[in-house]
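Student: Note that the working numbering has the sequence shown beginning at 75, numbered continuously upward.
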Amino acid sequence: STTHPARDVLFLTMSSSLRRMLVPVRDAVAGRARFMSSTGHAGFGSGSKDEAESPDAAFDRASGSTTTSFGFKDVLSSEKEGLVREVFEKVAPSYDLMNDLMSAGVHRVWKDYLVSKVGVFPGMTHLDVAGGTGDVAFRVLRALRAEEASKRRLGGGGKPRNDPSGAGRVVVSDINPFMLREGEKRSRKFGLGRATDARGNPVASLEFVEGNAEKLPFPDNSIDTYTIAFGLRNVTNTLQALKDAHRLLKPGGRFFCLEFSHVKSEPLKTLYEAYSFNVIPALGDFVAKDRESYQYLVESIRKFPKQEKLQDMMLEAGFKSVDYENLTGGVCAIHSGFKME
């Protein structure tokens, strides 16, 4: 893994925000601690067997089917896709607002940093998976269009360039059509759907495609860079999604995953744990009128593989030079890897 001194500001910002937001729930936190102590309730403590590291699929002898986690529940693998779809159908209209509230706005900094690592270049094809509302894809698109405009200026490209083949392409893919519709609405609001600039030069295009991260509808070796932000933990089979990402990338292409992860250091670990289970569901109830969906989102974070485990899974999927970087003390992490051949 790697560290970056600039990320310290994120740690301090998030820690300060969490401290301020946790004051109203101090009594609830203490009550929860007493409950855990008296009942031995699984899944919430740092050493719980339910917290993480569960395999993607386990065999249920009673039903003869494979099971997987849906938050802290075990469900049939065949059911998870529909359950996750239902969650995001509910949260789609308030998804961006809730992201701001849940992370105290820090998710914007994380996404900016992710996109700075992508390394856009003219004519590239970028795929953002589980990209729904377009938050990451729009950042990539703006960066790509700026890079293409810079190249035209350096080349003396003041005249219209009618050949669109040199323009790049950014694709947003999501399994949930409700999330994609929110993204399309936002793209129109921000004026990102245009095909040319003011001089008539073709600009990088933006597309929205419905698809399952485990079997996306794109050809082999067709993508230069692939991002998935806060979405990998929601797929039924994490390893299969990683293998499909590897399939899609061109040789030399790079995969990035920005995902909530596992905090190891105190006091942030205790603060984050209390914040997640007491504040986030309450915010979901107050803002989105949907406590249950946000309870699932919190639980799904705890069930997601830890940093080192996800790194191993990426290697198993075929990626090389796999690495990860913790942000905000491990509240989230960026994993990356290359397809070499």
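Quick reminder that beta carbons are idealized off the backbone N, C-alpha and C, glycines included.
Thinking C-beta only, is Ser279 closer than 9 Å to Ala269?
Tutor: Yes; because the gap between Cβ atoms is below 9 Å, this pair is in contact.
Student: Candidates Thr141, Asp174, Leu254: which alpha carbon is nearest Val361's?
Tutor: Nearest of Thr141, Asp174, Leu254 to Val361, Cα basis: Asp174.
Student: Going by beta carbon distance, what residues of the same chain come within less than 6 Å of Arg106, once the five residues before and after it are set aside?
Tutor: Since pLDDT at Arg106 reaches only 36, below the 50 mark, its modelled position is unreliable, and no value is offered.
Student: Does DSSP classify Gly240 as helix, strand or coil?
Tutor: Correct three-state label for Gly240: helix.
Student: Could you pull out every residue in the same chain whose Cβ sits closer than 6 Å to the Cβ of Leu384, ignoring the five residues on either side in sequence?
Tutor: Closer than 6 Å at Cβ, skipping near neighbours: His409.
Student: Run the CB neighbour count on Glu390, radius 10 Å, all protein chains shown included, and call it buried at 16 or more, exposed below.
Tutor: Exposed: under 16 other Cβ atoms inside 10 Å.
Student: If you measure between the beta carbons of Gly327 and Ile297, is that distance less than 9 Å?
Tutor: In contact: Gly327 and Ile297 (Cβ atoms closer than 9 Å).
Student: Verify the contact flag: Phe292, CB atom, against every heavy atom of the ligand ATP, threshold strictly below 8 Å.
Tutor: What this structure holds is no ligand at all, so the ligand ATP is not there to describe.
Student: Taking a contact to mean a Cβ-Cβ separation below 9 Å, would you say Met253 touches Ala319 in this structure?
Tutor: It is not a contact, given that the beta carbons lie outside the stated cut-off.
Student: For Asn275, count neighbouring Cβ atoms within 10 angstroms of its own Cβ and tell me buried if that reaches 16, exposed if not.
Tutor: Answer is buried; the Cβ neighbour count reaches 16.
Student: Got a sec? Which residues, its chain only, sit under 8 Å from Glu221 by beta carbon, not counting five neighbours each side?
Tutor: Excluding residues within five positions, the ones whose Cβ falls inside 8 Å are Val194, Phe195, Pro196.
Student: Tell me which residues share the same chain as Lys289 and place their Cβ nearer than 7 Å to its Cβ, disregarding the 5 neighbours each side in the sequence.
Tutor: Closer than 7 Å at the Cβ level, and outside the excluded window around Lys289, lie Asp318.
Student: Thinking just about the alpha-carbon of each residue, which of Thr299, Ser247, Asn250 is nearest to the one in Leu218?
Tutor: Answer by Cα proximity: Thr299.
Student: In chain order, what residues of the same chain have a beta carbon less than 6 Å from the beta carbon of Glu281, not counting five sequence neighbours either side?
Tutor: These residues qualify, in order along the chain: Val245.
Student: Could you say if the segment 204 to 216 and the segment 340 to 356 meet the contact criterion of at least three C-beta pairs nearer than 8 Å?
Tutor: With a cut-off of 8 Å, the segment 340 to 356 and the segment 204 to 216 do not count as touching, because too few Cβ pairs lie within range.
Student: For Val337, does the three-state DSSP call read helix, strand or coil?
Tutor: Three-state DSSP puts Val337 in coil, outside helix and strand.
Student: Report buried or exposed for Lys154, applying the criterion of at least 16 other Cβ atoms within 10 angstroms of its Cβ.
Tutor: Lys154 comes out buried.
Student: CA-CA distance, Asp202 and Val210?
Tutor: Computed Cα separation, rounded: 7 Å.
Student: Could you give the distance in angstroms between the alpha-carbon of Asn311 and the alpha-carbon of Gln381?
Tutor: Their Cα atoms are separated by approximately 17 Å.
Student: Taking only beta-carbon atoms, is Gly285 less than 9 Å away from chain C?
Tutor: Looking for chain C here will not work: only one protein chain is present.
Student: Leaving aside the five residues before and after Gly208 along the sequence, list all residues of the same chain whose C-beta is less than 7 Å from its C-beta, in chain order.
Tutor: So the qualifying residues of the chain are Val246, Gly257, Arg260, Ser261.
Student: Would you kindly work out how many angstroms separate the C-alpha atoms of Met388 and Ile375, rounded to a whole number?
Tutor: Roughly 18 Å between the two C-alpha positions.
Student: Taking buried to mean at least 16 other C-beta atoms within 10 Å of its own C-beta, is Gly156 buried or exposed?
Tutor: By the neighbour-count rule (16 or more Cβ atoms within 10 Å), Gly156 is not buried but exposed.
Student: What are the complete alpha helix (DSSP H) segments, minimum 4 residues, inside the segment 246 to 280?
Tutor: List check, alpha helix (DSSP H) in window: 251 to 263.
Student: Just the Cα atoms here: how many angstroms apart are Glu399 and Leu323?
Tutor: Taking the straight line joining both Cα atoms gives about 22 Å.
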